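Sequential numbering from 79 applies to the sequence shown in the working numbering.
Ideal placement from N, C-alpha and C gives every residue a C-beta, glycine not left out.
Values in this document were obtained by computation on a predicted structure and should not be read as measured data.
Down below is the structure, laid out as structure tokens.
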Amino acid sequence: MIAFVSGELAWRSDEEVVILTAGGVGYRLAVSSQTLASLPAIGGEASLQAHLVSRDDSIELFGFASEPERELFMMLLGVQGVGPKLALAVLGGGSARELTAALAAGDRARLQAVPGVGKRTAERIVMELREKVGGLEGADDEITVSRSSDPRLIARDGLVELGFSIQEADSLTGGADGSSAEEILQNALRAAKS
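What follows is the structure, encoded as structure tokens:
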């Protein structure tokens, strides 16, 4: 099994890269947008964690900027109805740490913001992975916060329900003062109007 690929970045697109190794072999790897953003320009040296998926009709190689991202990919593949392409799309929704925190907090709205992830799929992912994500390397105390006890998450979900994007809601609640969800939501809405 191929677990790591390192060499010159020979080609890149929105979803794939080719890494040319010292032996002159080019490996095509499907990558998330997060991993793609971490790679150098064409001609630079790149190193990616890798996972090989072999099916009856294809063999695909997937690349990851970090081991926690690869581990999260493997966990997502274990969820019924989530294939490699959808798992990569989910990984494009944020860093492994951010996604792990969202899963641990039961943040279905963040997952539903990913193209191709509907309400049922988001619920299934959260239900099956919520308890597992705490073991990922690099997890911090933020991961164990429960959704119902974090006023910023509650306020952010309120903004999403009002039509704000996840990114806008994160930005507004991140800068809003308050100790309760209601105060944070009110201050975030004031900031949005100004």
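Quiz item: Can residue 94 and residue 109 be called in contact, C-beta distance under 8 Å?
Solution: Their beta carbons are under 8 Å apart, which means residue 94 touches residue 109 by this criterion.
Quiz prompt | Close-in-space but distant-in-sequence residues of the same chain around residue 155 (CB under 6 Å, 5 per side omitted) | solution = 165, listed in sequence order.
Quiz item: Counting Cβ pairs closer than 8 Å, one from the stretch 199 to 207 and one from the stretch 226 to 238, do we hit at least three?
Solution: The answer is no - the stretch 226 to 238 does not touch the stretch 199 to 207, with fewer than three Cβ pairs under 8 Å.
Quiz prompt | Residue range of the unbroken beta strand (DSSP E) whose run includes residue 262 | solution = Segment 259 to 271 is the alpha helix (DSSP H) holding residue 262; no beta strand (DSSP E) there.
Quiz item: From what residue to what residue does the beta strand (DSSP E) around residue 85 run?
Solution: Segment 82 to 90, the beta strand (DSSP E) holding residue 85.
Quiz item: Start and end of the alpha helix (DSSP H) containing residue 161?
Solution: From DSSP, residue 161 is part of no alpha helix (DSSP H); its letter is neither H nor E.
Quiz prompt | Buried versus exposed, by CB contacts within 10 Å (16 or more), residue 158 | solution = With a threshold of 16 other beta carbon atoms within 10 Å, residue 158 falls short and is exposed.
Quiz prompt | Enclosing alpha helix (DSSP H) for residue 183 [first to last residue] | solution = For residue 183, there is no enclosing alpha helix (DSSP H), as DSSP marks it with neither H nor E.
Quiz item: According to DSSP, is residue 276 helix, strand or coil?
Solution: This structure cannot speak to residue 276, because the chain is shown only from 79 to 272.
Practice problem: Could you name the residues that DSSP lists as bridge partners for residue 250? | Solution: Beta-bridge pairing links residue 250 to no other residue.
Quiz item: Under three-state DSSP, which class holds residue 232?
Solution: Residue 232 sits in a helix when the DSSP states are folded into three classes.
Quiz prompt | DSSP-derived helix/strand/coil call for residue 151 | solution = The three-state secondary structure of residue 151, taken from DSSP, is helix.
Quiz item: With C-beta atoms as the reference, is residue 84 less than 8 Å away from residue 125?
Solution: Taking 8 Å as the Cβ cut-off, residue 84 and residue 125 qualify as a contacting pair.
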